[in-house]
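Residue numbers (our numbering): 63 to 330.
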């Protein structure tokens, strides 16, 4: 029993010391000048009713609007990925504190519940569509997709079937990114320039292949901040899931992006 209690005490001491060191490390990083760069936020759905099988992917509208309020208070202005690419070429200027709102998969509530919030606030966003899911139950229809694009939302590709590109041959991966792009463009969408890697999976061969297929940028799931020096096919993105701790959690996730950049972890 004494040995057991001693082990417990040592374990608690290690945990406490680890927490102290972690807190001290974070405090030190925050005392340093903030790194250059802007965040890209990764959402999936914004809807009132939490889906049973995708609860963790939904940010309820009230929570989403609180996050938007915070971003506005901090001086952020939304841009599209195309704005970033144009600015990188010197064709336009970015605001002082840009932020990009992205939404994966193309759920129907992006049109029915998200779009009114964006339009009410005059915000920009980018939605990455799974080509073969367009028109299916719970996903945007072709009419909705065309309308949301005409109303200022940028549309990108999330491949044809939402399969991890690194789990297939390069030829199969090429078909996934090519077919999604062609399917949308042949059905009247504006040119598709951007891609979101399914499950955030990528490798160097995919980067070269995307260039060949006339994509100009792609987003990862690696948290961090972006500058004009960031590889456009490996844009950093901060995941925003269903919040368990309200706005505090949102601030933590923004902080994570800053810290990952400062530490140089998975930065491109």
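Built from N, CA and C at the ideal position, the CB exists for glycine as well.
Being a predicted model, the structure only gives us computed values, none of them experimental.
Between the alpha carbons of residue 307 and residue 233 lies a distance of about 43 angstroms.
Shown here, residue 195 sits in a helix according to DSSP, grouped into three states. Beyond the five residues adjoining it in sequence on each side, residue 303 comes within less than 6 angstroms, by CB distance, of 118 in the same chain, given in chain order. By the neighbour-count definition (other C-beta atoms within 10 Å, threshold 16), residue 329 is a buried residue. Taking a contact to require three or more Cβ pairs closer than 8 angstroms, the segment 267-281 and the segment 291-303 qualify as touching.
If you check the CB distance, residue 309 and residue 132 come in under 8 angstroms. Secondary structure at residue 242: helix, using DSSP grouped into helix, strand and coil. In the three-state reduction of the DSSP assignment, residue 274 falls in the helix class. Beta-bridge partners of residue 279 (DSSP): 256. Distance check between residue 217 and each of 299, 164, 159, 99 places 164 closest, using alpha-carbon atoms only. Inter-residue distance for residue 168 and residue 192 is about 7 angstroms (C-alpha atoms, whole angstroms).
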